[in-house]
Structures are given as C-alpha cells and as structure tokens.
Amino acid sequence: MRVLVYHARMATKPITDPFVLHACELLSCLGPCKATRMFGGYGLSVDGMNVAIIAWDTLFLKTNAETEPQWLAAGGRPFQYEAKGKTMRLHYHTPPEDALESPALMSPWARLALAAAVAARKPAPQRKKSSAR
63 MRVLVYHARM ATKPITDPFV LHACELLSCL GPCKATRMFG GYGLSVDGMN VAIIAWDTLF
123 LKTNAETEPQ WLAAGGRPFQ YEAKGKTMRL HYHTPPEDAL ESPALMSPWA RLALAAAVAA
183 RKPAPQRKKS SAR
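In this note's numbering, the protein residues as written are 63 to 195.
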C-alpha cells in the first residue's frame, strides 16, 4: 500500500512512518486513505473527509455527541491538549486496543468515524441566482 503526504508548498513525499501506514491500512475498509502532516502529527482522510488524526503516536478517530458514549464505553480516550492554561478537547477518541490489530476489527469503529465526519460536514453555501436584465 502506498500512502502519500501532501504539503501545500512542497512536492508530494511518500509516507514512511510505519504507524501511519498501519493506521491507513486499518481504515482501508472506508476507501483510499490520505495522510497529511499537521501540527507534528497527521490527519487521515477518506473521500476528502477527516476521519482520524495521529498525535503523540496515538490514533484518534472522529466522534460526535451522538457516538461519544459508544467510544467511552469501549474504553476510548478523548483527544485533548492544554492551550493557554485550558484543557481543549476535540471530537476524536482512541479506538479499543483490539481494533488496532486488523482492518476487520477496526471496521465498525472506522464506520462510526466516517458517519461522524459526514454529520459534521457543513452544507455548501447556496449561490445567489443572478437575475437576467
């Protein structure tokens, strides 16, 4: 499997980080995975939707208020960090440990992450129709 990292001002470079490659393989049930460097980690997307991030060598999958109880019940830890003296928390959680073993075990969690990403999508702004004079 070949995964690419995209940089805005640089040529595309192949990913060599084994954990990023493994994470993309785990998410392959959703479709081709694209990894992008961001803030010292990676963002992972499928079909242009952000479904996961990798930070501190840990995989976090996209969640929302509706799915968060499932993640917490499975032992998922939320993605959080400190900024300006406050704890910031994003809608991403770790999957269960056993899900990291195979794409088949990750599949239900990956699908939950994709559903959360789809739900988070904002509808495109509607263009005003120009009136012909």
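Positions of the beta carbon are idealized from the N, C-alpha and C atoms, including for glycine. Just so you know, these numbers come straight off a predicted model, no measurement behind them.
In the structure shown, A114 adopts extended strand secondary structure according to DSSP, grouped into three states. Straight-line measurement puts the Cα of K190 at about 44 Å from the Cα of R139. Shown here, A127 sits in coil according to DSSP, grouped into three states, outside any helix or strand.
For Q142, the closest of H84, R99, H153 by C-alpha to C-alpha distance is H153. Collapsing the DSSP output to three states places A136 in coil.
With fewer than 16 other Cβ atoms inside 10 Å of its own Cβ, M100 counts as exposed. Annotation for S169: no beta strand (DSSP E) segment contains it, though the alpha helix (DSSP H) segment containing it runs 165 to 182. L83 places its beta carbon 7 Å or farther from that of C95.
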